[in-house]
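Step one of this worksheet: look at the structure below.
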Amino acid sequence: MKISEFIDPRGIKLQVSLANQDEAIDKLIALHNEVGNLKDVAGFKEAILAREAKGSTAIGNGIAVPHGKSASVAKAGLVAITCPEGVDYKAMDGKPSNLLFMIAAPEGGADTHLEVLAKLMQLLMDPAFCKTLVEANSVDEFLKLIDAKEAEKDAASAKKDAPAAGTTKIVAVTACPTGIAHTFMAAESLEQKAKELGVAFRVEKDGSGGAKDPLTAKEIEEADAVIVAVDKNIDMGQFDGKKVVFASTKEAIHEPEKLFEKAKTASVYHHTGAVSKKSDDSNESLGRQLYKHLMNGVSHMLPFVIGGGILIAIAFLLDDYSIDPSNFGSNTPVAAWFKTIGGAAFGFMLPILAGFIAQSIADRPGLAVGFVGGALAASGATFANPGGAVPSAFLGALVAGFAAGYFMKWLEKLCDKLPQSLEGIKPVLIYPLCGITVIGIIMCAINPIVGALNAWISGVLSSMGTTSLVPLGIILGAMMATDMGGPLNKAAYVFGTAALAEQNEVGWMIMAAVMVGGMVPPIAIALATLIFPKKFTVAERKAGPVNFIMGFCFITEGAIPYAAADPLHVIPSLMVGSGVAGALSMVFKCTLMAPHGGIFVFPVVGNWALYLVALAIGSVVSCLLLGLLKKNVEE
Numbered sequence: 002m003k004i005s006e007f008i009d010p011r012g013i014k015l016q017v018s019l020a021n022q023d024e025a026i027d028k029l030i031a032l033h034n035e036v037g038n039l040k041d042v043a044g045f046k047e048a049i050l051a052r053e054a055k056g057s058t059a060i061g062n063g064i065a066v067p068h069g070k071s072a073s074v075a076k077a078g079l080v081a082i083t084c085p086e087g088v089d090y091k092a093m094d095g096k097p098s099n100l101l102f103m104i105a106a107p108e109g110g111a112d113t114h115l116e117v118l119a120k121l122m123q124l125l126m127d128p129a130f131c132k133t134l135v136e137a138n139s140v141d142e143f144l145k146l147i148d149a150k151e152a153e154k155d156a157a158s159a160k161k162d163a164p165a166a167g168t169t170k171i172v173a174v175t176a177c178p179t180g181i182a183h184t185f186m187a188a189e190s191l192e193q194k195a196k197e198l199g200v201a202f203r204v205e206k207d208g209s210g211g212a213k214d215p216l217t218a219k220e221i222e223e224a225d226a227v228i229v230a231v232d233k234n235i236d237m238g239q240f241d242g243k244k245v246v247f248a249s250t251k252e253a254i255h256e257p258e259k260l261f262e263k264a265k266t267a268s269v270y271h272h273t274g275a276v277s278k279k280s281d282d283s284n285e286s287l288g289r290q291l292y293k294h295l296m297n298g299v300s301h302m303l304p305f306v307i308g309g310g311i312l313i314a315i316a317f318l319l320d321d322y323s324i325d326p327s328n329f330g331s332n333t334p335v336a337a338w339f340k341t342i343g344g345a346a347f348g349f350m351l352p353i354l355a356g357f358i359a360q361s362i363a364d365r366p367g368l369a370v371g372f373v374g375g376a377l378a379a380s381g382a383t384f385a386n387p388g389g390a391v392p393s394a395f396l397g398a399l400v401a402g403f404a405a406g407y408f409m410k411w412l413e414k415l416c417d418k419l420p421q422s423l424e425g426i427k428p429v430l431i432y433p434l435c436g437i438t439v440i441g442i443i444m445c446a447i448n449p450i451v452g453a454l455n456a457w458i459s460g461v462l463s464s465m466g467t468t469s470l471v472p473l474g475i476i477l478g479a480m481m482a483t484d485m486g487g488p489l490n491k492a493a494y495v496f497g498t499a500a501l502a503e504q505n506e507v508g509w510m511i512m513a514a515v516m517v518g519g520m521v522p523p524i525a526i527a528l529a530t531l532i533f534p535k536k537f538t539v540a541e542r543k544a545g546p547v548n549f550i551m552g553f554c555f556i557t558e559g560a561i562p563y564a565a566a567d568p569l570h571v572i573p574s575l576m577v578g579s580g581v582a583g584a585l586s587m588v589f590k591c592t593l594m595a596p597h598g599g600i601f602v603f604p605v606v607g608n609w610a611l612y613l614v615a616l617a618i619g620s621v622v623s624c625l626l627l628g629l630l631k632k633n634v635e636e
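The opening residue of the sequence shown carries number 2 in our numbering; numbering runs sequentially from there.
Encoded structure:
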């Protein structure tokens, strides 16, 4: 299938003037909708914005290729806009973009379109070709230019010469999160540079349809070096013992020669059983790296907290308080069964948290060490009392995870200096023995300090009256609506789960305020699209009611497309309503023993009727503010 057959002529607009990146995205999405490529405009825009949040899809040299893979796409397609004066699309080279393609790919189904898109990405690596497209005066000329360049590319591919004997051999893998654009552009850039340098080269493209042109074991064995240009995790086992250069797809696109130079002196890679790290870690700030490691631990911990928390809540729901108030939750056999199973799940919470924080930092060698550190945080072991004193709990598990991870990362580098003959005993003896011993020493040293701090925080929270807790409810509720899935939202959520782990009424009240704050934004958006339809586009109104479901299921991210489209008016409106809901939840002394579930865990919410009132009032407040602050949409 030719590239030009994949583009509906109605989806091409030439000589367009664009004010900013947001307008560019909206116009490109509108073209997709016009030619019938979309089922849900709002859903597709959410996918596009989610991809942009990971990094701009403007690759430099005047080219931007926003792309999204979503169930909201009816059929795969491509649209294009030329903007001779350029638009700021946050390109890595800081230059404006004047040639914009947007790719819409459906989830599932046939992957025929991927080869077409891959070929286009390769063509766009030629600056002269891109310049002719920008200067095209008609849609017909635009398509003919693509046809001619594609034919030239196919002819060149058909007569590739075999490399001369003795030529340097290098293999590579390219991959990006969506596997559509950067994957293939990075591959094309490396192929072009290899041809210039006279290097025998093969590249595997790990696209959304699976690996394209996969490397064989023989090719890897014969290669002098490997270039791994990826923005996601891949299996690195096949490259054990080879010289490996790690890079991002953007480095491969813009600085391919530098990667080939690095390949000459690259270090030998020794596989530890882990997947590769995302290549752009070195370019991330320390805060971003710490946040990413923390979220890896939290995401693996949540199933244990959710499952265990709900089972414990059911135990309280089914038990008879009058039998023995001091043993509430375990008085009847059925209640005791639920509480025992839930407690077992809860018991894994801290080891899982610490283990997967450490694994995120040091890969597989950090996992066991982090687990042990988390278990010691839960037990409260000290040098004076190895059996346990005051558990350092959640805070201790955080310390254990990061300490284990960074120690093991240092130990791995130290062990790189050992003879090759000792390579086999590192993962089975040196790493676990040294790591577990050191984390044991660290945790026994810090448990008394962190345990005392933890006990003090718990005491302060427990001594707070309702009046003191209300401001906390406002802050937590507002944080849940600030960036909806971002760092502030996650910080509030992690604080809630940490409070939940204390297993007391104040902790349950905090968790209730956090969840209600996160439920308000989607529900408020859904209400506003019905009550104030003139404030939203047709597509936003159609997608609005879906947010009722998202909100009731505690999926705050349903409000993201609306917030992204008008952040100055939408986000403050949602923050106020969520803050009100969090405050009312505290006033009503609502409690929640599970960290997730939305309306499905309402049966185990303390004062659930008033909890519904808090949710309703907060949602209405945000809805009214949206109606007041947002401007009417001109259509």
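Ideal Cβ placement from N, Cα and C applies to all residues, glycine included. All of these numbers come straight from a predicted model, not from anything done at the bench.
A distance below 9 Å separates the beta carbons of G578 and A525. Here V172 carries a strand assignment [DSSP, helix/strand/coil].
Shown here for A493: same chain residues with a beta carbon closer than 6 Å to its own, the five before and five after excluded, namely L477, M480, M481, V515 in chain order. Cβ contact annotation for A336 (same chain, cutoff 7 Å, sequence separation greater than five): A316, L319, D320, G330, in chain order. Secondary structure at E136: coil, using DSSP grouped into helix, strand and coil. For the 9 Å CB-CB criterion, I64 and A25 do not form a contact. DSSP assignment within the stretch 288-364 yields the following whole alpha helix (DSSP H) runs of 4 residues or more, N-terminal first: 334-348, 350-363.
Taking C-beta atoms under 8 Å as the contact rule, F305 and F349 qualify, at a distance of about 5 Å.
When DSSP reads this structure, F202 sits in a beta bridge with I171. M485 sits in coil when the DSSP states are folded into three classes, being neither helix nor strand. In this structure the stretch 291-301 does not lie against the stretch 225-233, because fewer than three pairs of beta carbons, one per stretch, are closer than 8 Å. In this structure, A267 is the residue among E256, E262, A267 with its C-alpha nearest to the C-alpha of G242. Residue state for E256 is assigned as coil, using DSSP reduced to three classes. Looking at the backbone, the Cα of G56 and that of D484 are separated by about 17 Å.
Non-local beta-carbon contacts of N62 in its own chain, meaning distances under 6 Å to residues more than five positions away in sequence, involve P128 in chain order. In the DSSP secondary-structure assignment, K70 is bridged to A106.
The distance from the Cβ of I313 to that of G344 is about 7 Å, consistent with a contact at the 8 Å cut-off.
Fewer than three beta-carbon pairs drawn from the stretch 494-505 and the stretch 582-590 are found closer than 8 Å, and the two stretches are therefore not classed as touching.
Between I358 and L260, the alpha-carbon positions lie close to 30 Å from each other. Relative to the Cα of F408, the nearest Cα in the group L434, A385, N386, F537 belongs to L434. Pairwise C-beta distances place the stretch 502-510 out of contact with the stretch 615-633, as fewer than three of them are shorter than 8 Å. Counting along the chain, the unbroken alpha helix (DSSP H) around C624 starts and ends at 609-630. Looking only at I442, V451, G559, A513, the smallest Cα-Cα distance to L473 is reached by A513. Close CB contacts of K427 within its chain, under the 6 Å cut and outside five residues either way in sequence, are with C416 (chain order).
Apart from sequence neighbours up to five positions away, the residues of its chain that approach G238 with a beta-carbon distance below 6 Å are H272, ordered along the chain. Relative to the Cα of M520, the nearest Cα in the group F533, E86, G559, T538 belongs to G559. Boundaries of the beta strand (DSSP E) harbouring A230: 226-231, taken from the DSSP string.
In this structure the stretch 195-204 does not touch the stretch 124-143; the number of beta carbon pairs closer than 8 Å is below three. For L144, same chain residues with a beta-carbon under 8 Å away, outside a window of 5 residues either side, are S5, I8, P10, I13 in chain order. The beta strand (DSSP E) runs of length 3 or more contained entirely in the stretch 486-526 do not exist; there are none. A straight-line Cα-Cα distance of about 10 Å links D325 and T333. Annotation: P352 to K414 spans about 25 Å, alpha carbon to alpha carbon. Here the C-alpha atom of F603 lies approximately 27 Å from the C-alpha atom of I572. Across the structure, R542 and G44 are spaced so that their CA atoms are roughly 12 Å apart.
Where V42 is concerned, there is no enclosing beta strand (DSSP E), although the alpha helix (DSSP H) around it starts and stops at 42-54. CA-to-CA, the gap between D41 and A529 works out to about 19 Å.
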